[in-house]
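Asks:
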Amino acid sequence: MIRLGLRLTLHSGREAFTRLLLTTVAVALGVAVLLGVFAEFHAFQADANRSCWECTQGAPVPKALGNSAPRALGSRGELWNYSVDYFEGRTIERLDVAALGPGAPVPPGVSRLPGPGQYVVSPALAALLRTVPAGELGDRFPGLLAGTIGDAALSSPDELAVYVGYQPAALAAVPGTQLVTAIGTAPGPEVFTPFFRYAFGVGVLAVLFPVLILIGTATRLAAARREERFAALRLAGATPRDISVIAAVDSVISALAGTILGIGVFLVARPWLAGAQLTGTRYFSLEVTPTVWGYLAMLVAVPAASAVASLLALRRVRISPLGVSRRTSPPPPSAWRLLTLGIGLVLFVVGLLATTKKSIGTPAYPGLLIVMIGLVIAGPWFTATVARWCAGVLGGPSPLLATRRLEDNPKAAFRAVRGLVLAVFLGTIAGSLIPTIDALSLTPSSAALSGVLLDTFSLPGPNGFGPGLTPQDGATLVSELRGLDGATVYPLYLLPQATDPNYQGQYVGVVSCSMLRDLAVLGRCAPGVQAVQADDSNLTYSDNPHYSTEAFVSPANPGYSGRLAALPLQAVLVRVNGPATLERVRTFLAGHARPQVSTAPGVDPTPPRTFGEAIAIRSSRATVFERLVYFAVALTILVAGCSLAVAIGGGLTDRKRPFTLLRVSGTPVRALYRVLLLEAVLPLAAATLVAAGLAYGMSVLAVTQMAPPGTPVPQLSHVYFVTMGAGLAIALIVIGVTLPLLNRMTGPDHVRFE
Amino acid sequence: MSSPLIWARGVVKSFGQTPALRGADVQVTAGEILAVMGPSGSGKSTLLHCLAGIFPPDEGEISFDGQRLDQMDETRRTELRRTAFGFVFQFGQLVPELTAADNVALPLLLGRVRRKAAYQAAGQWLARLGLEDKGDRRTGELSGGEAQRVAVARALAVGPRVLFADEPTGSLDSLTGEKVMDLLTGLAREQGVTMVLVTHDARVAAYADRQVVVRDGRVTALETSGTHGGLR
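As they're listed, the protein sequences go chains A and B. Those letters in the first sequence? Residues 339 to 1092, by this note's numbering. Those letters in the second sequence? Residues 2 to 233, by this note's numbering.
#1: Shorter than 7 angstroms, the distance from the beta carbon of A:I986 to the closest heavy atom of the ligand MG, or not?
#2: Can you tell me which residues form a DSSP beta bridge with B:E62?
#3: With the cut-off set at 8 angstroms, would you say A:A491 and A:P445 are in Cβ contact?
#4: Could you tell me which residues DSSP puts in a beta bridge with A:E416?
#5: When we look at the beta-carbon of B:D134 and count the other beta-carbons within 10 Å, is it buried (16 or more) or exposed?
#6: So A:G866 packs on A:Q908, CB below 8 angstroms; how close in whole Å?
#7: Kindly indicate if chain B contains any beta-carbon less than 8 angstroms away from that of A:T991.
#8: Quick check: the Cα distance between A:R322 and A:P440, rounded to an integer number of angstroms?
#9: Should the region 162-178 of chain B be called in touch with the region 106-117 of chain B, which here means at least 3 C-beta pairs below 8 angstroms?
#10: Which residues bound the beta strand (DSSP E) around B:T19?
#11: Is it buried or exposed for A:P718, if we count other Cβ within 10 angstroms and need 16 for buried?
#12: Any beta-carbon of chain A closer than 8 angstroms to the one on B:P108?
#13: Is there contact between the region 690-709 of chain A and the region 1014-1024 of chain A, where contact requires at least three CB pairs shorter than 8 angstroms?
#14: Alpha carbons only, please: which of B:V181, B:A158, B:L176 and B:V159 is nearest the one belonging to B:P169?
#15: Does the beta carbon of A:G987 sit closer than 8 angstroms to a beta carbon anywhere in chain B?
#16: Could you pull out every residue in the same chain whose Cβ sits closer than 7 angstroms to the Cβ of B:G141, ignoring the five residues on either side in sequence?
#17: Tell me, which residues are paired with A:L907 by DSSP?
#18: Checking contacts by CB at 8 angstroms: is B:I7 closer than that to chain A?
#19: Alpha carbons only, please: which of A:G522, A:L467, A:Y420 and A:G473 is nearest the one belonging to A:R388?
#20: Just to check my reading of the structure: B:L173 and B:Q212 have Cβ atoms closer than 8 angstroms, yes? What is that Cβ distance to the nearest angstrom?
#21: How would you write the range of the beta strand (DSSP E) that B:D167 sits in, first residue to last?
#22: Spell out the partners DSSP gives B:I34 in its beta bridges.
#23: Can a CB atom of chain B be found closer than 8 angstroms to the CB of A:R1008?
#24: In three-state terms, what does DSSP make of A:L822?
#25: Between the region 919-932 of chain A and the region 820-828 of chain A, do at least 3 Cβ pairs fall closer than 8 angstroms?
#26: Quick one: does A:T1005 have its CB under 8 angstroms from some CB of chain B?
#27: Helix, strand or coil for A:G847? Go by DSSP, reduced to three states.
#28: Run through chain B and tell me which residues come within less than 7 angstroms of A:R1119, C-beta to C-beta.
#29: Which term fits A:V640, buried or exposed, when burial requires 16 or more other beta carbons within 10 angstroms of its beta carbon?
#30: Going along chain A, which residues have a C-beta under 8 angstroms from B:G93?
#31: Who are the near neighbours of A:Y833 in its chain, counting only those whose CB is closer than 7 angstroms to its CB and skipping five residues on each side?
#32: Mark A:E625 as exposed unless 16 or more other C-beta atoms lie within 10 angstroms of its C-beta, in which case mark it buried.
#33: Give every residue of the same chain whose Cβ lies closer than 7 angstroms to the Cβ of A:L599, excluding the five residues on either side of it in the sequence, and list them in chain order.
#34: Since A:L739 meets chain B, which of its residues come closer than 8 angstroms, beta carbon to beta carbon?
#35: Taking 8 angstroms as the CB-CB limit, is A:P1086 close to chain B?
#36: Could you tell me whether any Cβ in chain E is nearer than 8 angstroms to the Cβ of B:E80?
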């Protein structure tokens, strides 16, 4: 029977071959998309599980060892000082290291530690060093370039990393240096990994549904014609079991061919995928691949799933030797289907009502999830309702034909766009909330200071504030900074008493009123005052520009009449006139300002950066999430378009006879074109509009409840509309490709064979 | 004798290397019911398709009401089929998702008749064919005979001048076929509709005013009937 099934699948004429071809292509597309998602997830996981040499912890180096440090520390291990820096918005991972003996552990990516006066860099940093003037980058690293760091130390070919070699005595004197005897091999802490894992999970679900639907639709392509053939086989003596075997063979052949083709398509597209930076990081191309098990699972699971789908489809009809009879049409979906959606919405609203400034009300999360499930359950009801409404409003023969078919089986019509509903829902949530979240950081104050760099020298700790730079060192630094073209320097001083562990005063720093005249968003002094005491801790330590750029001086601040130059330097603000100046300032600070060290767990030094960069860093995670969701939306719309196209092709084959005879009876072919277009576009548009409208409404509710008063209503960005528009346009083009089939399949010539 | 409404002269039609008509001549006068008979593969359906403007002939001339069908383009022939002709086929001409009323109203809607008027007309035709209580049934819920009666109603609803019927009882039992033929020919005569009826069944052909036989692609025999004995 299997041989007969094979023969029927492969040698049953042009129509069967076309069906096989279409099914194969559709399955291939689905498989390629799934493999792409799995590959990207594999690369993400490989990166997350990479040994985190940056997380290495050692013991503190005893102070005041001076030149005796090497002897005092022995010959085991090495001195280790890890820090981060920025260049044009990109992070540079920097390790200053000094071997204490020949057995010093070597970090990944190199065969030996760089010697004193040498440094080794990642390939991406090496490329920058070749093109960027030394005063903007290269001068940050003392010594000579001695080699390249290998991939083992890096998470991406674009990663900027440098190991700088020192004499032990020199490095021991640098604040923050530790004694390390073993380099960390465990994966890094999962700060954002669960976030991205969740994002991937959502993305995979959003894409998986439509892809499975596409594969399922494709394998049931032209089911009615096939079922007629099965009836003929029953007449010839085939048992129902034989029919099941033949149907399964038919599905497995096309699914297997599609899977193999899909793997081929994926392998061709893999280099592009490796460079796509979907999560904001370009992964090593070797990691952008599913596992061997992933490939095997595809080769087994897709044909098996197709066989099951095919057998399930056979259960919906009764194939007897006398022909095919369909089981009675299912009753139309009732309004009860809205119940889950309603429950989800109520939970979401209850959660929002319980939301405080510190936390989101617990019911909001399950509410959101139940709304998504509710959308899927309510989808057929929406489809039938929209079809009924359109039938009443549009009139004419084409809407009649299209809407009656949609009403007849709204579940089938909605099936092709089910995944799209989830993707559009999530895309709209992301598209409306993320710009609002970003806008909260991008206040007028933070925008005014976007080109101003902050470098802090005194961090708060359990024993009061750190000492900052001595007045002499501070004065020298400020003077030299002012010598850089295009840089305007504003020093912030530290009240000496703030370094006292018992200090309870309100004010920490001292700022000059001339600085506030230039940087007016930070506040203003009372007239005639030269300098004021101020609590500038938000400015210097908060990593949220919404708060760090708030005004912190008012005319009520007490004046400071002492000599500013006699105060320790707490921080500097440097206004730069362009990117090159910014990097020159940063390079200068790297070589001349004493690096800060953490004074307590959670109080980590921030490398010199502008407030604009701080905003960009804060929004980058959200942007990546937004990009992932948009990518999923675009992909889903495309796949949904393919599903609809396949469904149209299948429906056309099933209705070949009545459509042909309608044309023979004088129905213009353009009227039938409109039927097919409406059958595809109505569920697509209805699903998109309902999901987008609901998600936008929920976003507005969330912003109204959670954002500070005065926050504007979320606006969807042009990226959102471009993504949606492009996705829908491509879907329509894919659908349009099927239309010529109508002309060919229902031409008057075919009446002869009917 | 009145001038023919439809005539064909020397019609040749082949499908690839296979000739279907080899020079067929036929004429149908207005209001006449003509039965085209012949064995399977003789070319009788092809002759009907050519007379109805579905296929342009390879050679020969076909005229309807003084207009040369063989010289018309497909768009014009499509319009003519929609406005002047009606069709009843053996089976499968009804759109399965539509109700009986929808199916009958469909050609009227295609002819830009207003929705309300189209459904009113559909209701009247269904009532005339004894299907007044079946208007909201899907075609899958109708018996074979009922479905054919819906097809007859649909064909006549547009007020065609010519009705082309290709084996209209081919999928029905004799009793049901007889009822359908009674209705079909009765209504055609009542409406003054000319009818070309293709059948291989002599009992069906007996409903016609005149019979021709197609053999080997030619209309080889002509005889007068008029018995209307039908399937009885």
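No residue lacks a Cβ here, since even glycine has one placed at the ideal position from N, Cα and C.
Replies: Once the coordinates are examined:
#1: Here there are no bound small molecules, and the ligand MG is not part of this structure.
#2: Along the second sequence, one-based indexing puts residue 62 of chain B at 61. DSSP output for B:E62 lists B:R10 as bridge partner(s).
#3: Residue mapping note: residue 491 of chain A aligns to position 153 of the first sequence, counting from 1. Residue mapping note: residue 445 of chain A aligns to position 107 of the first sequence, counting from 1. The answer is yes: Cβ separation under 8 angstroms.
#4: As a first step, residue 416 of chain A must be located in the first sequence, where it is residue number 78. DSSP output for A:E416 lists A:A437 and A:V518 as bridge partner(s).
#5: In the second sequence, residue 134 of chain B corresponds to position 133, counting from 1. Per the 10 Å Cβ criterion, exposed.
#6: Walking along the first sequence from the start, residue 866 of chain A turns up at place 528. Walking along the first sequence from the start, residue 908 of chain A turns up at place 570. No, A:G866 and A:Q908 are not in contact; Cβ-Cβ is about 24 angstroms, not under 8 angstroms.
#7: In the first sequence, the residue the question calls residue 991 of chain A occupies position 653. Chain B contact via Cβ: absent.
#8: Given that chain A is displayed from residue 339 to residue 1092, the structure contains no residue 322 of chain A and the question cannot be resolved.
#9: no
#10: Numbered from its first residue, the second sequence carries residue 19 of chain B at position 18. Counting along the chain, the beta strand (DSSP E) containing B:T19 begins and ends at T19 to T30.
#11: The count along the first sequence starts at 1 and reaches residue 718 of chain A at position 380. Here A:P718 is buried. Its C-beta has 16 or more other C-beta atoms within 10 Å.
#12: For the purposes of this step, residue 108 of chain B is identified with residue 107 of the second sequence, where counting begins at 1. So yes, B:P108 belongs to the interface.
#13: Because the criterion of three Cβ pairs below 8 angstroms is not met, the region 690-709 of chain A and the region 1014-1024 of chain A do not touch.
#14: Residue mapping note: residue 169 of chain B aligns to position 168 of the second sequence, counting from 1. Closest option to B:P169, Cα to Cα, is B:V181.
#15: Here residue 987 of chain A corresponds to residue number 649 of the first sequence, with the count starting at 1. It does not: the Cβ of A:G987 has no partner Cβ on chain B nearer than 8 angstroms.
#16: Here the question's residue 141 of chain B lines up with position 140 in the second sequence. Contacts found: P97.
#17: Reading the first sequence from its first residue, position 569 is the one you call residue 907 of chain A. DSSP lists A:L807 and A:Y831 as partners of A:L907.
#18: Locating residue 7 of chain B in the second sequence gives position 6, where the first residue counts as 1. No - not a single Cβ of chain A is within 8 angstroms of the one on B:I7.
#19: As a working mapping, residue 388 of chain A is identified with position 50 in the first sequence. Minimum Cα distance to A:R388 is reached at A:G522.
#20: Along the second sequence, one-based indexing puts residue 173 of chain B at 172. Along the second sequence, one-based indexing puts residue 212 of chain B at 211. Contact between B:L173 and B:Q212 is ruled out by a C-beta separation of about 21 angstroms, above the 8 angstroms threshold.
#21: Here residue 167 of chain B refers to the residue found at position 166 when the second sequence is read from its first residue. Unbroken beta strand (DSSP E) run through B:D167: V163 to D167.
#22: Numbered from its first residue, the second sequence carries residue 34 of chain B at position 33. Answer is B:M196, bridged to B:I34.
#23: For the purposes of this step, residue 1008 of chain A is identified with residue 670 of the first sequence, where counting begins at 1. Answer no: the Cβ-Cβ gap between A:R1008 and chain B never drops below 8 angstroms.
#24: Within the first sequence, numbered from 1, the residue matching residue 822 of chain A stands at position 484. Residue state, collapsed to three classes: coil.
#25: yes
#26: As a first step, residue 1005 of chain A is located in the first sequence; it is residue number 667 there, counting from the start. Between A:T1005 and chain B, the shortest Cβ-Cβ separation is below 8 angstroms.
#27: Locating residue 847 of chain A in the first sequence gives position 509, counting from the first residue. Strand, per DSSP.
#28: The shown model of chain A, from 339 to 1092, leaves out residue 1119 of chain A, and the question about it has no answer.
#29: As a working mapping, residue 640 of chain A is identified with position 302 in the first sequence. It is buried - the Cβ of A:V640 has at least 16 other Cβ atoms within 10 Å.
#30: For this step, residue 93 of chain B is matched to residue 92 along the second sequence. Per Cβ cutoff of 8 angstroms: R995, P996, L999 and E1092.
#31: What you label residue 833 of chain A is simply residue 495 of the first sequence in a count that begins at 1. Per the sequence shown, residue 833 of chain A should be read as Leu rather than Tyr. Around A:L833: Y845, V846, G847, V848 and Q871.
#32: For the purposes of this step, residue 625 of chain A is identified with residue 287 of the first sequence, where counting begins at 1. So A:E625 ends up on the buried side.
#33: Locating residue 599 of chain A in the first sequence gives position 261, where the first residue counts as 1. Around A:L599: T362 and A366.
#34: Mapped onto the first sequence, residue 739 of chain A falls at position 401. Within 8 angstroms Cβ-Cβ: V96, E98, L99 and L107.
#35: The residue you call residue 1086 of chain A lines up with position 748 of the first sequence. Yes, A:P1086 counts as interfacial toward chain B.
#36: Reference to chain E is not applicable here, since the protein chains of this structure are A and B.
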